[in-house]
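Asker:
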Amino acid sequence: MSGVDENTRLPIVSGALDYLRSQPSQSERKIGIVGFSMGAGYALWLSTVRPEDVGAVVVFYGTYLLDFSKAKASFLGHYAPEDEWEPTRDVQALEEKIRGAGREVTFHFYPGTKHWFFEEDRPGDYDREAAGLAWNRTLEFLNNKLL
5 MSGVDENTRL PIVSGALDYL RSQPSQSERK IGIVGFSMGA GYALWLSTVR PEDVGAVVVF
65 YGTYLLDFSK AKASFLGHYA PEDEWEPTRD VQALEEKIRG AGREVTFHFY PGTKHWFFEE
125 DRPGDYDREA AGLAWNRTLE FLNNKLL
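Position 11 of the sequence shown, counted from 1, bears residue number 15 in my numbering, the numbering being contiguous throughout.
#1: Let me know the secondary structure DSSP gives M5 once reduced to three states.
#2: Starting from I102, follow its DSSP beta bridges and name the residues at the other end.
#3: Report the rounded CA-to-CA distance for D129 versus R103, giving the unit in angstroms.
#4: Nearest CA to the CA of V38: which residue from D71, R25 and S78?
#5: Please go through the same chain and pick out, in chain order, the residues whose beta-carbon is closer than 7 Å to the beta-carbon of F145, but skip the five residues on each side of it.
#6: With a 10 Å radius around its C-beta and 16 neighbouring C-beta atoms as the bar for buried, classify S31 as buried or exposed.
#7: Would a C-beta distance cut-off of 8 Å place L69 and L50 closer than the cut-off?
#8: Restricting to Cα atoms, I'd like to know which of V58, D131, G66 and E99 is closest to K149.
#9: Apart from the five residues just before and just after E124, which ones in its own chain have a Cβ nearer than 8 Å to its Cβ?
#10: Report yes if the C-beta distance between F113 and Y83 is below 8 Å; otherwise report no.
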């Protein structure tokens with residue numbers, strides 16, 4: 005996530021979490037975060053700086069190598085093996101970092117897909133079957149970790 009100043013990121017991303025926590029129905033619950041690409045990096049980062057609030061993190065084609073030792077969330081990831089932005093070795097390194105911190109992590113690769121495979125507005129990259137499977141896995145994960 006180079007080029008994104010932490011002084012800018014903190015108030016925006018953490019502020020969104022503060023807003024959710026201010027809602028009566030969410031004030032006592034752990035929050036689930038879903039992030040895509042750069043947003044995946046924000047979601048991963050938030051799990052490390054707000055561990056008491058974040059219970060589940062789902063990332064789509066995004067990585068961010070951090071110290072996950074303070075994180076308390078469970079992690080689910082959806083990746084494309086032919087991703088020009090997120091090489092498989094970077095995804096594997098992230099998975100190892102999270103697992104090494106003792107956190108639950110499951111990453112899926114969707115054969116034949118590229119970055120943006122979930123984005124319907126990217127017809128050259130969108131993969132309906134992979135997107136559907138990823139979404140079903142996401143909903144099941146969030147339901148199991150947050151309800």
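The beta-carbon is built from N, C-alpha and C at its ideal position, and this holds for glycine as well.
Answerer: Taking the definition as stated:
#1: Confidence in M5 is poor, its pLDDT being 46 and thus under 50, which makes the residue's placement unreliable; the coordinate value appears in the next sentence. In this structure, M5 counts as coil in the three-state DSSP scheme.
#2: I102 pairs with nothing; no bridge assigned.
#3: 30 Å
#4: S78
#5: A60, V62 and L80
#6: Looking at its Cβ environment, which holds fewer than 16 other Cβ atoms inside 10 Å, S31 is exposed.
#7: no
#8: V58
#9: If the five residues before and after E124 are omitted, its C-beta is found closer than 8 Å to the C-beta atoms of Y130 and A135, all from its own chain and listed in chain order.
#10: yes
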